[in-house]
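Enquirer:
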Amino acid sequence: MVRLRTGLLIAAILLCSAPALGGFYEDLYRGLGYFATPTGSPVRTAAGGGQSNGNRYGRLRIVPNEFGEGHRLELDRTFGADARGRPEVFDIGMLELQLNGATASTIQYTGRGVQTLNVDMFANNVGYILTDKTGAQDFELTGSLSINHQLEINRLGFYYLDLEINNTNATLKADGLVVDGPTDADFDIGPISIRGNVFVDAACAALTALGLDTSELEGLFPASPIDRIDDEIKAFIDQQRLVLGEALADGTLGTESALTSQEFPRELVGTVNDPATYGPPLNVPESTTLLLIGTLTLIGLRRRI
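Residue numbers for the sequence shown follow the numbering used here, so the first one is 3 and each next one is one higher.
#1: Along the chain, which unbroken stretches of the alpha helix (DSSP H) at least 4 residues long are found entirely within the stretch 131 to 173?
#2: I'd like the list of long-range same chain contacts for F201, defined as Cβ closer than 6 Å, with 5 residues on each side in sequence excluded.
#3: Whole angstroms are fine: how far does the CA of R74 sit from the CA of R197?
#4: Sorted by chain position, which residues of the same chain lie with C-beta nearer than 6 Å to L132's C-beta, five sequence neighbours on each side aside?
#5: Which one of L179, K135, E154 has the shortest CA to CA distance from Q117?
#6: Taking the alpha carbon of D122 as the reference point, which residue from G56, S54, L165, G213 has its own alpha carbon closest?
#7: When you compare the stretch 84 to 92 with the stretch 65 to 72, are there three or more beta-carbon pairs, one atom per stretch, that lie closer than 8 Å?
#8: Compare the Cα-Cα distances from G213 to each of F238, S43, N199, V181 and report the closest residue.
#9: Where does E234 sit, in a helix, a strand or coil, going by DSSP?
#10: Run through the DSSP bridge pairs and tell me what I191 is partnered with.
#11: Specify the secondary structure class of E90 as computed by DSSP and reduced to three states.
#12: Does DSSP classify V45 as helix, strand or coil?
#13: Run the CB neighbour count on G25, radius 10 Å, all protein chains shown included, and call it buried at 16 or more, exposed below.
#14: Does the separation of the CB atoms of D140 and D177 fall below 8 Å?
#15: When you compare only the Cα positions, how much space is there between D182 and G33?
#16: Decide if D186 is buried, meaning its Cβ has at least 16 other Cβ atoms within 10 Å, or exposed.
#17: For D78, count neighbouring C-beta atoms within 10 Å of its own C-beta (all shown protein chains included) and say buried if the count is 16 or more, exposed if not.
#18: A38 by DSSP, collapsed to three states: which one?
#19: Quick check: what's the CA-CA separation for N156 versus V65?
#20: Determine, using beta carbons only, whether Y59 and T80 come nearer to each other than 8 Å.
#21: Is DSSP giving Q117 helix, strand or coil here?
#22: Which same chain residues, not among the five before or five after Y111, have their C-beta less than 7 Å away from its C-beta?
#23: Answer with buried or exposed for Y36, where buried requires no fewer than 16 other C-beta atoms within 10 angstroms of its C-beta.
#24: According to DSSP, is E98 part of a helix, a strand, or is it coil?
#25: From the DSSP output, in three-state form, read off V181 for me.
#26: By Cβ distance, which residues of its chain are closer than 8 Å to N55, with the 5 residues on each side in sequence left out?
In structure tokens, the structure reads:
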């Protein structure tokens, strides 16, 4: 009987999960297809298997990797003027986004040997103009964005990440009743270059949370960011200990003072530990007794099945 129930449960899970996963990947690919399609018309077939409309170009394809026993997804998109010179603007009501520049993304999976996933994304001086028009208060953000992102992770947990983002010639202009005038909006992220192992990093973080010294494990991968993560965990634990120590020192963890701080009626606070009000205290079984009770309960249920 138990085996029959288990088999039916597994079959139901498999039947329900397969269509859900398939639908998710189909929706994801369809969404990427919308992004890769140039706006406006007419959209014509271009070289390399893409589509174009003036300076606008897009291409989305999945290519099998026979040598690596995997697949590669390529997504290219160039924003710009159409065949008649109109800029490419995405109008979603009060917000308008105008883009001009090229982007390229590649996601590759190889199954031969150690399974590996590569994610590369590039944007070369993509100019943008983001406007928010409400009438009473308008904003306009302009600038040029460059992205260089490379990520690789394999089944053994080894990874490396290179990331650099540059936002240049950026200005936020405000015009309205509340805020007025321009503001510099330039920023840079990176260059960031880290390398390590996911499982080692997770073990270090868990051991640090338990209060153990992980300096030896951190030295296995000097380029890993786990040392900074561990420092943040230690700082958080020390802060919690400090707060707890202060609470114990001034007695705010006491029952009566804690209830008083919540502004409970005084007559109710005075009767918290009064047996006459709440009856005798409950006797909580020891851990071994609880384990014995749980074991006997499981045996009884199994005999009934």
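Positions of the beta carbon are idealized from the N, C-alpha and C atoms, including for glycine.
Expert: On the basis of the data shown:
#1: none
#2: For F201, where only same-chain residues beyond five positions count, the Cβ hits under 6 Å are G159.
#3: 23 Å
#4: L99, L143
#5: For Q117, the closest alpha carbon among the candidates L179, K135, E154 is that of E154.
#6: L165
#7: no
#8: Ranked by how close their Cα comes to the Cα of G213, the residues F238, S43, N199, V181 have F238 in first place.
#9: helix
#10: I167
#11: strand
#12: coil
#13: exposed
#14: D177 is positioned such that its CB atom lies closer than 8 Å to that of D140.
#15: So the two alpha carbons sit approximately 38 Å from each other.
#16: exposed
#17: buried
#18: helix
#19: 20 Å
#20: yes
#21: coil
#22: G72, H73, L119
#23: exposed
#24: strand
#25: It is coil, neither helix nor strand.
#26: Here the set comprises P40, T41, G42, S43, P44, V45, R46, D84, A85.
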